[in-house]
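In the order they appear, the protein sequences are chains A and B.
Last residue of the first sequence: number 550 in the working numbering, and the count goes up by one each step with no gaps.
Last residue of the second sequence: number 550 in the working numbering, and the count goes up by one each step with no gaps.
Heads up: the structure comes next, in structure tokens.
Protein chains: 2
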Amino acid sequence: MANIDQLNQHMTSPTAANFVPLSPLSFIKRTAQVFGDQTATIYNGRQQSWRQIYQRCCAFSDALRRNGVEKGDVVSVLAFNTPEMIELQFSVAMAGGVLNTINTRLDPETIAGILNHAEPETLVFDAELGDVLVDALSRCTHQPAHLLVISSPGLDLPDQLTDVIDYEDFVETGDPASAWSLPASEWDAFGLNYTSGTGGRPKGVVISHRGAYLMAMGTVPAWNVPMHPIYLYTVPLFHCNGWGHAWMNALVAGTIICLKKIEAATIFDVISKYRVTHFGGAPVVLSLLVNAPSEHKKQFDHPVHVMTAGAPPPPAILEQTEQLGLEVMQVYGLTETYGHIMHCAWNPSWDALGFSERAEIKARQGVQFTHTEEVEVVDLERGDPVPWDGRSEGEIVIRSNTVMKGYHKDPIATEEAFKGGFFRSGDVAVRHPDGYIEIKDRLKDVIISGGENISSVEVENILYRIPGVACAAVVAKADDKWGEVPVGFVELSHDAKPINEAEVIQFCRQHLAGFKTPKQIIFGEIPKTSTGKVQKFVLRRELKLSS
Amino acid sequence: MANIDQLNQHMTSPTAANFVPLSPLSFIKRTAQVFGDQTATIYNGRQQSWRQIYQRCCAFSDALRRNGVEKGDVVSVLAFNTPEMIELQFSVAMAGGVLNTINTRLDPETIAGILNHAEPETLVFDAELGDVLVDALSRCTHQPAHLLVISSPGLDLPDQLTDVIDYEDFVETGDPASAWSLPASEWDAFGLNYTSGTGGRPKGVVISHRGAYLMAMGTVPAWNVPMHPIYLYTVPLFHCNGWGHAWMNALVAGTIICLKKIEAATIFDVISKYRVTHFGGAPVVLSLLVNAPSEHKKQFDHPVHVMTAGAPPPPAILEQTEQLGLEVMQVYGLTETYGHIMHCAWNPSWDALGFSERAEIKARQGVQFTHTEEVEVVDLERGDPVPWDGRSEGEIVIRSNTVMKGYHKDPIATEEAFKGGFFRSGDVAVRHPDGYIEIKDRLKDVIISGGENISSVEVENILYRIPGVACAAVVAKADDKWGEVPVGFVELSHDAKPINEAEVIQFCRQHLAGFKTPKQIIFGEIPKTSTGKVQKFVLRRELKLSS
Chain A
4 MANIDQLNQH MTSPTAANFV PLSPLSFIKR TAQVFGDQTA TIYNGRQQSW RQIYQRCCAF
64 SDALRRNGVE KGDVVSVLAF NTPEMIELQF SVAMAGGVLN TINTRLDPET IAGILNHAEP
124 ETLVFDAELG DVLVDALSRC THQPAHLLVI SSPGLDLPDQ LTDVIDYEDF VETGDPASAW
184 SLPASEWDAF GLNYTSGTGG RPKGVVISHR GAYLMAMGTV PAWNVPMHPI YLYTVPLFHC
244 NGWGHAWMNA LVAGTIICLK KIEAATIFDV ISKYRVTHFG GAPVVLSLLV NAPSEHKKQF
304 DHPVHVMTAG APPPPAILEQ TEQLGLEVMQ VYGLTETYGH IMHCAWNPSW DALGFSERAE
364 IKARQGVQFT HTEEVEVVDL ERGDPVPWDG RSEGEIVIRS NTVMKGYHKD PIATEEAFKG
424 GFFRSGDVAV RHPDGYIEIK DRLKDVIISG GENISSVEVE NILYRIPGVA CAAVVAKADD
484 KWGEVPVGFV ELSHDAKPIN EAEVIQFCRQ HLAGFKTPKQ IIFGEIPKTS TGKVQKFVLR
544 RELKLSS
Chain B
4 MANIDQLNQH MTSPTAANFV PLSPLSFIKR TAQVFGDQTA TIYNGRQQSW RQIYQRCCAF
64 SDALRRNGVE KGDVVSVLAF NTPEMIELQF SVAMAGGVLN TINTRLDPET IAGILNHAEP
124 ETLVFDAELG DVLVDALSRC THQPAHLLVI SSPGLDLPDQ LTDVIDYEDF VETGDPASAW
184 SLPASEWDAF GLNYTSGTGG RPKGVVISHR GAYLMAMGTV PAWNVPMHPI YLYTVPLFHC
244 NGWGHAWMNA LVAGTIICLK KIEAATIFDV ISKYRVTHFG GAPVVLSLLV NAPSEHKKQF
304 DHPVHVMTAG APPPPAILEQ TEQLGLEVMQ VYGLTETYGH IMHCAWNPSW DALGFSERAE
364 IKARQGVQFT HTEEVEVVDL ERGDPVPWDG RSEGEIVIRS NTVMKGYHKD PIATEEAFKG
424 GFFRSGDVAV RHPDGYIEIK DRLKDVIISG GENISSVEVE NILYRIPGVA CAAVVAKADD
484 KWGEVPVGFV ELSHDAKPIN EAEVIQFCRQ HLAGFKTPKQ IIFGEIPKTS TGKVQKFVLR
544 RELKLSS
């Protein structure tokens, strides 16, 4: 018998010729060479070619190394979707660093917790976030040695921020022709992304070069992305690296339109002006467009493909977005899966269906992406796959090269997350007879508001800090604009000092980011199980009946 | 300092949740689930869905395992582009076997050499090639234990072939719902492809699952392939797994039109009937279409994208193919690189150029594919990259995950091929100022006729076997139909028995495949260097002047 492996011991180990670590850095390098003159970014009318952005990345990474950044060092970023944020998706990794982008909407206390945990020596921030940063740093034991600012004309920094280097000056100190290396291993860390902390405190998700490469590669066929798309970046780049779409645009030599603020009028303008072909965003962005004043609205005569995630788009929103000329595809994912891992892949045979049937399909999270090996819905108790009957509920579990390496400094949570050889999503779903998956509930009662995850536990913990609160529960309430908003249920102790709704909301606002603050407080006894656990499903039903 | 790697020892090794071996088998599995009803293959009007082909592959691989095929065992195939050949691109690997497709145009002696070297226990063949197989087996020391035949109605097998199992009967013995496994390692062997033997005897190129996956993934953006293409398979699947396009079609749920014979009338028919969007083929296929009788020709009103390789398409052919509505992209590759590794990537700014300027660009082999990390042209003596001046010649060297694992049973040739950390192509090229590469000559004087490589050394060796031949040299002559044809120069010894052109050609035909047989013999003294080496460039000049 001729067994290939036994006969060819000389092939056991890959060589430099036939094995190259997978990394999204290869995309920008190739595109800078092959499509160097193509426009890479447009921001406030200012354009940058792929050659220019590549050279700036090389210079920035060289400057980082000169400033002491070594392989595996975290570089944190608190910034908006400006071209610098696109550059950082490549330049930090070119220096061997690990990119940690932080949600700009978080409260200073949470940001401080992330900085203490991530321990960056270098931090890049947008000048507009100077005050938030000062507040966060004042609560930090860890202090980054180097602060780099993305400045805007007319924006002064707070006095407390001294020794800040301007991002542009920093780029100038690096050599745009400097050499950089791919990671020694494709398994090396590329980024560190903090979850919204559904279980309480945010967890640090470590992602690899390999995963980032495959995420971008797999998105191209699944979203049917052609060469040279015109891509509008409405997804915040601090969310799972903006779903990996900066890497994907580097792969297909696309043009990225950057926006600092998400406003309906601006979005309509740029889609029409630059003939945007693709963008991604939470349903709240779609609802923003649909509900915009008619003088801002524009009809598009070219196809615009929209990827949406966070919550299923309501049929009414879906119908109106289609009328605007937007083709919506729902995707599903988590910070732990680099963003989207499932999508509602469209079957050409459904084109002929009526609107309501199509809307019903589009509300599903769908099937595994091309880069996802396996998505299963498993019985919560027995762990085996649920029947494909559209009724039996189970937990979504995932096996993919785009599942995180693990949680930063947290071997126990990592082991827990990977129990059974799959990543456990914590989301409950059913599987339809065609294999399409639809989410029904969340094991951990996450509330998704405007595309942001809110941990009910975190909000409840604040409510519990109010004197006299005996029991608190926070659940989601459907909202036309935000998808969901948090509503607080408060049960006061018998001897409690009276307190009203406005006071409770005011207290929450002092301790939570605005989007996490409950929009409504309902006082009264909270239903519990015999063992004392809150019955949230009863509260949700109450809210539905009352609305 | 917070170094990610040092702080996270618990992430050092990948787990089943976050690391899945890359393999094209994942494509067909996913597409069978997500797009199971889409048509996968069309052959002689018979259609098969992706669900059906997947189930047949599962059954075939199960049958292989029941017949004793184990991990790393070679399964050889001598067959045409029928749906069975598409299935084999998946089913052999599903069983853990290594697919070895053999060029059906080879002479029985060379086929015997390959079988002796590859040592398959299972061999699949097309009934039409029964006689060739009998001839080859009679010259073989190695005899496969199991022969499977792809039969056609009315085609009888030669009497010598006993104990042959029908392919369909074999599929019936397997379970279409049987489980199969991805390879334990993505580096495991997927296929064994023999070169045309430019250095003399064919070498066995071993390719991996990882390379095959990335080849298919990278082809999608580079060729701008949308979901659900209609793909016409004119490239023989025995050539580098048909350039990996069966895997790619599995990835994008395309429809593959299979053809057993390449004839202009049929090609025009199916392109028009099925609205073919993509096909690949040697320039000889293009020339076949362009030179077809006008009653067979059809004009296409939809875009048809053609990938061509083997030799640059002549401008006249290019102009006429464009008039037919075909959009041609030239690619370059070798058996050692899974097929295409470079392509003439089109820059949108060239659309405005005139025809001759566009033809000049399209004659270039271009730049690295998306899945190719690095292509360099290095000075033949010093080994450093040549200047990008369009004049300085050097050897093309390649670094890519789609470079072979190595040569089967040949550690020395493998080491030689990877010397310096790159795969050495043996092709000489220049690099234009825009970085695009253009091949100028072949280090080993390969002749490419109808897309088939012919080793001049091999043909010369036959000429040398004719009594009285003192010196023989074979070079390429340009040919409108075949691109190139071999021409033999023969120098007789003074005392040789007279021999004429027809007799020499007749002798070659007895010992060589038809396409390798010289089309013309020129008698006379052959120019040599002072050290006795044949000056082929003088012979080529002579041919040019005389034509």
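Even glycine gets a Cβ: it sits at the ideal position worked out from N, Cα and C.
Item	Value
Determine the extent of the beta strand (DSSP E) in which B:E504 is found, giving its start and end residues.	Here B:E504 belongs to no beta strand (DSSP E); instead the alpha helix (DSSP H) covers 504–514.
Is it right to say B:W226 is buried, meaning 16 or more other beta carbons lie within 10 angstroms of its own, or is it exposed?	buried
Which residues in the same chain as A:K480 place their Cβ atom closer than 6 Å to its Cβ, once the five residues preceding and following it in sequence are excluded?	V488, V490, L546
Can a CB atom of chain A be found closer than 8 Å to the CB of B:S428?	no
Closer than 8 Å, CB to CB, is B:T198 near chain A or not?	no
Evaluate A:I442 with the Cβ neighbour count: other Cβ atoms within 10 Å of its Cβ, from every protein chain shown; 16 or more gives buried, anything less gives exposed.	buried
Cβ closer than 8 Å: which chain A residues qualify as neighbours of B:T18?	F421, G424
Consult DSSP for B:A175 and reduce its assignment to one of helix, strand or coil.	Checking the sequence, you will find Glu at residue 175 of chain B rather than Ala. Helix, per DSSP.
Compute the Euclidean distance between the alpha carbons of B:K408 and B:G247, then round it to the nearest angstrom.	16 Å
Taking the alpha-carbon positions, what's the B:F551 to A:V370 distance?	It is not possible to answer for residue 551 of chain B, since the shown part of chain B is limited to 4 through 550.
Scan the segment 212–235 of chain A for residues whose Cβ lies nearer than 7 Å to a Cβ of chain B and list them as they occur along the chain.	M220, V223, P224, N227, P229, M230, H231
Is B:W190 close to chain A, meaning its C-beta is less than 8 Å from at least one C-beta of that chain?	yes
Considering only DSSP beta bridges, list what B:G342 is partnered with.	B:L337
Under the DSSP definition of a beta bridge, which residues are partnered with A:A432?	A:G397, A:I442
Just checking: is the beta-carbon of B:H281 within a distance shorter than 8 Å of some beta-carbon in chain A?	no
Rounded C-beta distance between B:T198 and B:T405? I'm assuming under 8 Å.	Rounded, the Cβ-Cβ distance is 16 Å, inconsistent with contact.
Could you tell me which residues DSSP puts in a beta bridge with B:Q50?	B:I45
Based on the DSSP output, what are the partners of A:Q371 in its beta bridges?	A:M345
Tell me the rounded alpha-carbon separation between A:L195 and A:P27.	16 Å
For A:Q371, go through chain B and note every residue whose CB falls closer than 9 Å to its CB, in chain order.	R33, Q36, V37
Do we get a CB-CB distance below 8 Å when we pair A:P147 with the residues of chain B?	no
Identify whether B:I450 lies in helix, strand or coil by the three-state DSSP scheme.	strand
Quick check on A:E266: does DSSP put it in helix, strand or coil?	coil
Is the CB of A:D40 under 8 Å away from at least one CB in chain B?	yes
Would you tell me roughly how many angstroms separate the C-alpha atoms of B:N106 and A:R427, rounded to the nearest one?	48 Å
So, does the CB of B:T338 fall closer than 8 Å to a CB anywhere in chain A?	no
In the DSSP assignment, the beta strand (DSSP E) including B:N456 goes from what residue to what residue?	455–458
Can you give me the C-alpha to C-alpha distance between B:R544 and B:E528, rounded to a whole angstrom?	15 Å
Check the DSSP bridge columns for B:Y236 and list the partner residues they point to.	B:C261, B:G283
Determine the direct distance from the alpha carbon of B:L240 to that of B:G453, and round the result to whole angstroms.	15 Å
Closest to A:I114 by C-alpha separation, out of A:G397, A:S188, A:K206, would be which residue?	A:K206
Does the pairing of the segment 255–262 of chain B with the segment 229–239 of chain B give three or more beta-carbon distances under 8 Å?	yes
Does chain B have any CB closer than 8 Å to the CB of A:L195?	yes
Just how far apart, CA to CA, sit A:A139 and A:R434?	43 Å
Secondary structure at B:M220, three-state DSSP: helix, strand or coil?	helix
From what residue to what residue does the beta strand (DSSP E) around A:C243 run?	Premise fails: A:C243 lies in the alpha helix (DSSP H), 243–246, not in any beta strand (DSSP E).
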